[in-house]
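These notes are about the structure you will find just below.
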Amino acid sequence: MKLITKFILIYLMVSAVVLGIGGVISYYVIKDEIDKEMKWEFLERIDRATYLLEQGKRFRHHRTVDGDENLTIQKLDYFAEPRVEVSDTLIWDERLEQEELNVRVSAYRTIGDSSYYISTYGNMIESDDIREAVVQILLWILGLQVIGAVGIGFLVSGPLFKPFRNTLDRIRNFKLNEKEYLPAEKTNVKEFADLNQFVEEMTQKAVRDYKNLKEFAENASHEIQTPLAIAKGNLELLAETDLSEEQYRHVIKLEKTVKKLSRLSESLALLTKIENHEFDNDQEVNLSELVKEGIDAFREFIELNQLEVETDIQDGVIINMHPVLADIFWTNLFQNAIRHNIDQGKIKVELTEEKLRISNTGEELDSPPDELFQRFRKGNPNSESIGLGLAIIKRIADQNDLSVSYEHKNAWHHIEITLKGVKRG
Amino acid sequence: MKLLIVEDNADLLDNIVTYLEREGYICETAEDYDTAFHKIMSFTYDVVLIDLMLPGGDGLQVLREQKSVNPETGTIIISAKNSLDDKVTGLELGADDYLTKPFQLAELHARIKAVNRRNNLGGSEIVRVQEIAIHTKAREVKVDGKVVDLTPKEYDLMLYFASNKNHVLSKQTIAEHLWGDYADQLDNLDFVYQHIKNLRKKLVNAGANDYIESVYSIGYKLNTSKKVS
Numbered sequence: 109m110k111l112i113t114k115f116i117l118i119y120l121m122v123s124a125v126v127l128g129i130g131g132v133i134s135y136y137v138i139k140d141e142i143d144k145e146m147k148w149e150f151l152e153r154i155d156r157a158t159y160l161l162e163q164g165k166r167f168r169h170h171r172t173v174d175g176d177e178n179l180t181i182q183k184l185d186y187f188a189e190p191r192v193e194v195s196d197t198l199i200w201d202e203r204l205e206q207e208e209l210n211v212r213v214s215a216y217r218t219i220g221d222s223s224y225y226i227s228t229y230g231n232m233i234e235s236d237d238i239r240e241a242v243v244q245i246l247l248w249i250l251g252l253q254v255i256g257a258v259g260i261g262f263l264v265s266g267p268l269f270k271p272f273r274n275t276l277d278r279i280r281n282f283k284l285n286e287k288e289y290l291p292a293e294k295t296n297v298k299e300f301a302d303l304n305q306f307v308e309e310m311t312q313k314a315v316r317d318y319k320n321l322k323e324f325a326e327n328a329s330h331e332i333q334t335p336l337a338i339a340k341g342n343l344e345l346l347a348e349t350d351l352s353e354e355q356y357r358h359v360i361k362l363e364k365t366v367k368k369l370s371r372l373s374e375s376l377a378l379l380t381k382i383e384n385h386e387f388d389n390d391q392e393v394n395l396s397e398l399v400k401e402g403i404d405a406f407r408e409f410i411e412l413n414q415l416e417v418e419t420d421i422q423d424g425v426i427i428n429m430h431p432v433l434a435d436i437f438w439t440n441l442f443q444n445a446i447r448h449n450i451d452q453g454k455i456k457v458e459l460t461e462e463k464l465r466i467s468n469t470g471e472e473l474d475s476p477p478d479e480l481f482q483r484f485r486k487g488n489p490n491s492e493s494i495g496l497g498l499a500i501i502k503r504i505a506d507q508n509d510l511s512v513s514y515e516h517k518n519a520w521h522h523i524e525i526t527l528k529g530v531k532r533g
Numbered sequence: 273m274k275l276l277i278v279e280d281n282a283d284l285l286d287n288i289v290t291y292l293e294r295e296g297y298i299c300e301t302a303e304d305y306d307t308a309f310h311k312i313m314s315f316t317y318d319v320v321l322i323d324l325m326l327p328g329g330d331g332l333q334v335l336r337e338q339k340s341v342n343p344e345t346g347t348i349i350i351s352a353k354n355s356l357d358d359k360v361t362g363l364e365l366g367a368d369d370y371l372t373k374p375f376q377l378a379e380l381h382a383r384i385k386a387v388n389r390r391n392n393l394g395g396s397e398i399v400r401v402q403e404i405a406i407h408t409k410a411r412e413v414k415v416d417g418k419v420v421d422l423t424p425k426e427y428d429l430m431l432y433f434a435s436n437k438n439h440v441l442s443k444q445t446i447a448e449h450l451w452g453d454y455a456d457q458l459d460n461l462d463f464v465y466q467h468i469k470n471l472r473k474k475l476v477n478a479g480a481n482d483y484i485e486s487v488y489s490i491g492y493k494l495n496t497s498k499k500v501s
């Protein structure tokens with residue numbers, strides 16, 4: 109629910125309650141006022157009748173004075189203290205055929221030496237009518253309020269909330285790795301200005317921290333190469349000395365470890381670089397040529413591993429990508445297919461305008477296929493691979509809006525890259 | 273051959289100098305930009321090794337100055353950054369080779385020889401290992417004047433062994449030399465064995481002695497002191 113909708117609903121709810129209470133009060137106030145007026149009116153009539161009596165006029169039991177049909181004048185045979193009584197009374201209404209609440213004013217008056225009882229009743233407006241009128245007025249007010257509230261709603265969600273929605277949009281489109289913070293936009297609403305200011309400071313800090321982290325990651329992976337070079341050099345010098353077989357085997361193992369460490373940090377540096385958008389200037393890359401040349405480059409390894417490669421490559425498939433990334437992308441894919449193959453296995457490469465599909469025979473997977481694209485996930489934990497190949501493939505694919513899917517079926521592993529919708533030159 | 277090694281890390285410098293001096297090179301060193309600058313201005317070297325990140329300046333600047341003072345000197349960049357930009361800039365400025373840390377000393381040595389051959393010997397040199405002669409210009413190996421029919425990889429392997437005579441070369445080192453970055457990714461090093469086996473067979477068939485010996489079947493060594501049978 110939108111904030112403004114919620115606000116309007118609460119406003120209308122409160123209005124309804126207030127109007128309800130106000131209605132009841134209005135009803136009683138109006139009724140009270142009318143009753144009071146009638147009481148004065150009736151008293152005046154009684155005073156008039158009293159005056160006429162004092163002038164010596166004699167009335168029959170029921171007598172109309174100035175058109176008042178309900179006037180009752182009665183001579184009492186006992187002495188009554190002069191007083192006035194006001195009461196409500198139910199009178200049968202012929203026209204409405206129901207009992208109606210009326211106001212009755214009765215007075216005891218002493219004229220000469222006898223007491224008179226003078227009384228009259230009536231109603232000006234029926235109480236139903238008052239209620240109806242009040243309800244009608246209230247409904248009108250409520251209606252106008254709804255119209256007002258909706259109008260305000262439009263106003264608020266339109267121009268008034270515009271800066272807020274702008275900020276929201278900008279936050280939504282904010283990408284940390286683009287290294288651009290969100291400068292505060294000018295607005296004369298204090299709350300929004302505060303918000304924008306906060307967003308500016310927050311994104312600035314986030315971008316700075318991110319940059320530091322990335323720089324650290326990149327520098328660390330570079331800095332580690334020099335000590336590794338020293339280790340490697342010393343191992344080589346050590347290998348030159350007169351070593352026993354056992355000692356030499358240890359040296360070789362260490363050399364391999366150093367090599368692996370170096371590859372690891374190089375791959376991490378590469379991932380960082382891709383994430384840092386250091387390979388952003390796309391160029392046209394002829395994927396068909398790249399794939400063919402890539403397979404040729406591995407010809408020797410394919411033969412040594414006694415693999416069989418089947419290709420179905422459409423000519424002239426062009427994609428827009430950084431050439432270095434395209435090369436790394438394909439090399440990683442193909443190496444993956446060679447590395448995780450079995451003896452005398454097969455590799456199939458299929459390239460069309462729509463997709464690049466590379467399939468290889470291989471052993472069963474132990475881990476769920478989706479996890480393979482995460483860093484340091486390996487099908488076989490003991491393999492020499494460092495477990496970053498597929499992570500790099502995925503990262504490059506993501507960066508270039510390519511979708512990668514993996515499938516394992518009948519001892520075949522398929523990796524498919526959808527080229528549909530990829531930007532072309 | 274006289275070398276200048278510009279490298280700020282003392283341990284690595286020590287490694288390189290130890291290895292190269294054993295090979296009979298005269299090694300001078302510079303650990304920062306200023307020293308490197310003065311040595312380049314004052315002396316002539318056959319090959320200069322330059323680390324890109326130096327205290328007090330940029331290795332690329334050292335390279336520029338070297339090229340302007342003495343363009344014939346061979347230059348090899350050593351860098352921790354395996355970055356294409358640096359590589360391209362370095363080679364555009366006239367560096368003869370680019371080596372990424374961590375490198376094998378044997379590899380460095382082979383590159384120094386290659387660069388020296390290209391710059392100072394006009395690319396033509398006959399590297400001799402007893403009765404085996406490697407003609408670098410024609411990329412041919414001759415035994416007693418007869419050409420041995422080698423594949424390009426076998427030729428590279430032979431030259432690599434000849435450049436690192438009497439050094440133990442592990443399969444890993446050899447694989448990296450022959451296949452470069454591709455070798456990184458492949459687990460199985462049996463193909464190194466295959467190539468060496470073929471090379472040995474061809475050399476022996478051509479009438480040469482079998483100088484290449486296996487070291488505990490993990491590494492190999494071109495042993496020139498092996499007794500001629």
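Chains as they are written, first to last, in the numbering used here: chain A, 109 to 533; chain B, 273 to 501. Note that CB positions come from ideal geometry on N, CA and C, so glycine has one too.
Which of the three DSSP states, helix, strand or coil, is assigned to Leu209/A?
-> The sequence position of residue 209/A within the first sequence is 101, counting from 1. In the structure shown, Leu209/A sits in a strand (DSSP, three-state: E or B).
Are the C-beta atoms of Ile403/A and some chain B residue less than 8 Å apart?
-> If you number the first sequence from 1, residue 403/A lands on position 295. False, the Cβ-Cβ gap to chain B never drops below 8 Å.
So which residues of chain A does Tyr291/B contact, with C-beta pairs closer than 9 Å?
-> For the purposes of this step, residue 291/B is taken as residue 19 along the second sequence, with counting starting at 1. What Tyr291/B touches in chain A: Gly341, Glu344, Leu345, Glu348.
Where Ser314/B and Lys409/B are concerned, what is the direct C-alpha to C-alpha distance, given to the nearest angstrom?
-> Reading the second sequence from its first residue, position 42 is the one you call residue 314/B. Reading the second sequence from its first residue, position 137 is the one you call residue 409/B. Spanning the two alpha carbons is a distance of roughly 32 Å.
Mind checking who His407/B pairs with in its DSSP beta bridge?
-> Taking the first residue of the second sequence as 1, we reach residue 407/B at position 135. Paired residues: Ile398/B, Glu412/B.
With DSSP as the reference, please indicate the residues paired to Ile142/A in a beta bridge.
-> Mapped onto the first sequence, residue 142/A falls at position 34. Bridge partners of Ile142/A: none, in fact.
Taking the C-alpha atoms as reference points, what is the distance between Ala308/B and Asp323/B?
-> Mapped onto the second sequence, residue 308/B falls at position 36. Mapped onto the second sequence, residue 323/B falls at position 51. Computed Cα separation, rounded: 11 Å.
Determine whether the Cβ of Glu353/A lies closer than 8 Å to any Cβ atom of chain B.
-> Within the first sequence, numbered from 1, the residue matching residue 353/A stands at position 245. For Glu353/A, the answer is yes, since a Cβ of chain B falls inside 8 Å of its Cβ.
Below 8 Å between beta carbons: does that hold for Glu293/B and Leu276/B?
-> In the second sequence, counting from the first residue as 1, residue 293/B sits at position 21. In the second sequence, counting from the first residue as 1, residue 276/B sits at position 4. No, they are not a contact pair.
Assign Gly533/A to buried or exposed, taking buried as 16 or more other Cβ atoms, counted over all protein chains shown, within 10 Å of its Cβ.
-> Looking up residue 533/A in the first sequence gives position 425. With a pLDDT of 46 at Gly533/A, under the threshold of 50, the modelled position of this residue cannot be trusted; read the value that follows with caution. Exposed, since its Cβ has fewer than 16 Cβ neighbours within 10 Å.
Does Tyr439/B have its Cβ less than 8 Å from a Cβ in chain A?
-> To locate residue 439/B, count along the second sequence from 1; it is residue 167. With the sequence shown as reference, residue 439/B is identified as His, and Tyr is not the correct amino acid for it. By this cut-off, His439/B is an interface position.
Contact under 8 Å by Cβ, Glu279/B with His381/B = Counting from 1 along the second sequence, the entry for residue 279/B is found at position 7. Counting from 1 along the second sequence, the entry for residue 381/B is found at position 109. In this structure, His381/B does not lie closer than 8 Å to Glu279/B by Cβ.
Pairing CB atoms from the stretch 182–192 of chain A with CB atoms from the stretch 214–230 of chain A, are three or more of them under 8 Å?
-> yes
Closer than 6 Å by C-beta to Gly366/B: which residues in its own chain qualify, once you throw out the five before and the five after it? Chain order, please.
-> Here residue 366/B refers to the residue found at position 94 when the second sequence is read from its first residue. Answer for Gly366/B: Lys339, listed in chain order.
Just to confirm, are Glu458/A and Asp420/A a CB contact at a threshold of 8 Å?
-> The residue labelled residue 458/A in the question sits at position 350 within the first sequence. The residue labelled residue 420/A in the question sits at position 312 within the first sequence. Their beta carbons are under 8 Å apart, which means Glu458/A touches Asp420/A by this criterion.
Since Thr469/A meets chain B, which of its residues come closer than 9 Å, beta carbon to beta carbon?
-> To locate residue 469/A, count along the first sequence from 1; it is residue 361. The contacting residues do not exist; Thr469/A stays about 17 Å from chain B at best.
Contact set between Lys364/A and chain B, taken where Cβ atoms lie within less than 8 Å = Along the first sequence, one-based indexing puts residue 364/A at 256. Near Lys364/A (Cβ distances below 8 Å), the residues of chain B are Gln444.
Spatial neighbours of Asn304/A within its chain, please: CB distance less than 7 Å, with the 5 preceding and 5 following residues excluded, ordered by chain position.
-> Here residue 304/A corresponds to residue number 196 of the first sequence, with the count starting at 1. These residues qualify, in order along the chain: Thr275, Ala292, Glu293, Thr295.
Just the Cα atoms here: how many angstroms apart are Pro335/A and Lys322/A?
-> What you label residue 335/A is simply residue 227 of the first sequence in a count that begins at 1. What you label residue 322/A is simply residue 214 of the first sequence in a count that begins at 1. Computed Cα separation, rounded: 21 Å.
Rounded C-alpha distance that separates Thr496/B from Asn281/B | The residue given as residue 496/B occupies position 224 in the second sequence. The residue given as residue 281/B occupies position 9 in the second sequence. Each residue's Cα considered, the two are about 34 Å apart.
At a Cβ threshold of 8 Å, is Gln333/A touching chain D?
-> Any reference to chain D falls outside this structure, whose protein chains are A and B.
Under a CB-based cut-off of 8 Å, is Ile277/B close to chain A?
-> For the purposes of this step, residue 277/B is taken as the residue at position 5 of the second sequence. With 8 Å as the cut-off, Ile277/B does not count as an interface residue toward chain A.
Indicate whether Gln414/A and Asp388/A have their beta-carbon atoms separated by less than 8 Å.
-> For this step, residue 414/A is matched to residue 306 along the first sequence. For this step, residue 388/A is matched to residue 280 along the first sequence. No; because the gap between Cβ atoms is not below 8 Å, this pair is not in contact.
Could you pull out every unbroken alpha helix (DSSP H) segment of at least 4 residues lying fully inside the stretch 262–300 of chain A, listed in chain order?
-> DSSP runs (the alpha helix (DSSP H)) wholly in the stretch 262–300 of chain A: 270–280.
Would Leu111/A be called buried (16 or more neighbouring beta carbons within 10 Å of its own) or exposed?
-> To locate residue 111/A, count along the first sequence from 1; it is residue 3. Classification for Leu111/A: exposed.
Endpoints, the alpha helix (DSSP H) within which Leu496/A is located = Residue mapping note: residue 496/A aligns to position 388 of the first sequence, counting from 1. From DSSP, Leu496/A is part of no alpha helix (DSSP H); its letter is neither H nor E.
Buried or exposed (CB count within 10 angstroms, at least 16 for buried), Glu326/A = One-based indexing of the first sequence puts residue 326/A at position 218. Burial call: buried.
With DSSP collapsed to three states, give me the class of Asn468/A.
-> Within the first sequence, numbered from 1, the residue matching residue 468/A stands at position 360. Looking at Asn468/A - three-state DSSP - the assignment turns out to be strand.
From the beta carbon of Leu284/B, is the nearest beta carbon of chain A less than 8 Å away?
-> Stepping through the second sequence from its first residue, residue 284/B is reached at position 12. Cβ-Cβ to chain A under 8 Å: yes for Leu284/B.
Express the C-alpha separation of Glu411/A and Ala478/B in angstroms, rounding to a whole number.
-> Sequence index remark: in the second sequence, residue 478/B carries index 206 (1-based). Sequence index remark: in the first sequence, residue 411/A carries index 303 (1-based). Spanning the two alpha carbons is a distance of roughly 27 Å.
Range covered by the beta strand (DSSP E) that runs through Ala302/B = For the purposes of this step, residue 302/B is taken as the residue at position 30 of the second sequence. Per DSSP, Ala302/B belongs to the beta strand (DSSP E) from 298–302.
In or out: Val360/B buried (at least 16 other Cβ within 10 Å) or exposed?
-> Numbered from 1 along the second sequence, position 88 holds the residue referred to as residue 360/B. Its Cβ having fewer than 16 others within 10 Å, Val360/B is exposed.
Kindly indicate if chain A contains any beta-carbon less than 8 Å away from that of Gln376/B.
-> For this step, residue 376/B is matched to residue 104 along the second sequence. Chain A contact via Cβ: present.
List the endpoints of the continuous beta strand (DSSP E) containing Thr423/B.
-> Reading the second sequence from its first residue, position 151 is the one you call residue 423/B. Segment: none, Thr423/B is in no beta strand (DSSP E) and carries neither H nor E.
Nearest to Trp438/A by CA position, among Tyr136/A, Lys368/A, Leu398/A, is which residue?
-> Numbered from its first residue, the first sequence carries residue 438/A at position 330. Taking only the C-alpha atoms, the option nearest Trp438/A is Leu398/A.
Would you tell me roughly how many angstroms separate the C-alpha atoms of Leu120/A and Glu141/A, rounded to the nearest one?
-> On the first sequence, position 12 is the one that residue 120/A refers to. On the first sequence, position 33 is the one that residue 141/A refers to. Note on geometry: alpha-carbon atoms of Leu120/A and Glu141/A lie some 30 Å from one another.
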